[in-house]
Amino acid sequence: MAQIRGGELVQKVLKKEGVKYIFGIPGGHIYPMMESCEENGIKFIGVRHEMTAAMMAEGWALATGDFGVCTATAGPGVTNLVTGIANADRNCSPVLCMAGKAKVIEADRNELQDFNQIDLYKSMTKHARSVQETHRIPEYVGRGIAEATTGRPGPVYMEIPRDIMEGYVNEEEVEFQKTYRLTNKPMGNP
Numbered sequence: 000m001a002q003i004r005g006g007e008l009v010q011k012v013l014k015k016e017g018v019k020y021i022f023g024i025p026g027g028h029i030y031p032m033m034e035s036c037e038e039n040g041i042k043f044i045g046v047r048h049e050m051t052a053a054m055m056a057e058g059w060a061l062a063t064g065d066f067g068v069c070t071a072t073a074g075p076g077v078t079n080l081v082t083g084i085a086n087a088d089r090n091c092s093p094v095l096c097m098a099g100k101a102k103v104i105e106a107d108r109n110e111l112q113d114f115n116q117i118d119l120y121k122s123m124t125k126h127a128r129s130v131q132e133t134h135r136i137p138e139y140v141g142r143g144i145a146e147a148t149t150g151r152p153g154p155v156y157m158e159i160p161r162d163i164m165e166g167y168v169n170e171e172e173v174e175f176q177k178t179y180r181l182t183n184k185p186m187g188n189p
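Residues 0 to 189 (numbering that gives the first Met the number 0) are what the sequence shown spells out, left to right.
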């Protein structure tokens, strides 16, 4: 059976959903996701500050009518995204914010750049979750895309701990949905 890394699972879902660009700053906690961008035809656009990444993702969403994607490494990278994500929330802009996190096995042990990132984002996003199993990455990322783009559009925060993103699973055991978004707009009740 072919093995696939968690970071590549992220890229496969994003490619399937037509993502062309990811905005962010390279960092150790998100490296497994970044290294498979090019292989999947997604261009990583590096910026000098994470707030710029969030603003560019929102700009992409506003210019195209689709969702934008930004990323940041754990800790200070995540805190630097706050202004841009809060702005996307106020503007009802669909932005998928993908962030790194300390390894699951190192949680609550004062690991480098580790803190409760989920609580920081709950008040300014439609959906804030942490992926805890590698084989569930497509499910979580897909749900994030659906949340960002349906109903009242808005930003979604998704963190993936480093060991989950670096983990390998059998590709045959991973479930990919046909699409993660509504294909038809909802209709009113006659």
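C-beta: ideal position from N, C-alpha, C; glycine also.
The beta strand (DSSP E) spanning residue i covers which residue range?
| i | result |
| --- | --- |
| glutamate 170 | That residue, glutamate 170, is in no beta strand (DSSP E); it is neither H nor E in DSSP. |
| proline 137 | Unbroken run through proline 137 is the alpha helix (DSSP H), 136-148; no beta strand (DSSP E). |
Residues in the same chain with beta-carbon distance under 6 Å from residue i, minus the five sequence neighbours each way, listed in chain order, please.
| i | result |
| --- | --- |
| phenylalanine 175 | Pro137 |
| threonine 82 | Met50 |
| glutamate 158 | Ala98, Lys100, Gln116 and Ser129 |
| alanine 52 | Phe22, Gly23, Val46 and Cys69 |
| isoleucine 44 | Tyr20 and Phe22 |
| alanine 1 | Glu170 |
On a Cα-Cα basis, can you pick out the residue from the options that is closest to residue i?
| i | options | result |
| --- | --- | --- |
| histidine 48 | Thr78, Asp65 and Tyr30 | Thr78 |
| isoleucine 194 | Glu172, Glu170, Lys42 and Pro160 | The displayed coordinates of the chain run from 0 to 189. Any statement about residue 194 would go beyond what the structure contains. |
| alanine 145 | Gln10, Glu16 and Thr133 | Glu16 |
| serine 35 | Leu8, Ala1, Ala56 and Ile44 | Leu8 |
| phenylalanine 114 | Met123, Ala147, Gly76 and His126 | Gly76 |
| methionine 55 | Arg151, Glu38, Ala147 and Asn86 | Asn86 |
| isoleucine 41 | Gly26, Gly5 and Val12 | Val12 |
Quick one: what's got a C-beta closer than 7 Å to residue i's C-beta in the same chain, skipping five residues either side?
| i | result |
| --- | --- |
| aspartate 162 | Lys102, Val103 and Ile104 |
| glutamate 172 | His134 |
Should residue i and residue j be called a contact, given that it needs their Cβ atoms to be closer than 8 Å?
| i | j | result |
| --- | --- | --- |
| valine 168 | isoleucine 3 | yes |
| aspartate 65 | glycine 153 | no |
| proline 25 | methionine 32 | no |
Could you spell out the range, first to last residue, of the alpha helix (DSSP H) harbouring residue i?
| i | result |
| --- | --- |
| isoleucine 41 | It is not in any alpha helix (DSSP H) - isoleucine 41 carries neither H nor E in the DSSP assignment. |
So, for residue i: in the same chain, excluding its five sequence neighbours on each side, which residues have a beta-carbon less than 8 Å away from its beta-carbon?
| i | result |
| --- | --- |
| arginine 151 | Cys91 and Lys125 |
| glutamine 10 | Met32, Ser35, Cys36, Glu38, Asn39 and Ile41 |
* Inspect the CB distances between the stretch 54-71 and the stretch 102-111 and report whether three or more fall short of 8 Å. => The stretch 102-111 and the stretch 54-71 do not touch, with fewer than three beta-carbon pairs separated by less than 8 Å.
* Asked: Hey, is the stretch 52-65 in contact with the stretch 89-100, meaning 3+ C-beta pairs nearer than 8 Å?
  -> Touching, yes, given that three or more Cβ pairs across the two stretches are closer than 8 Å.
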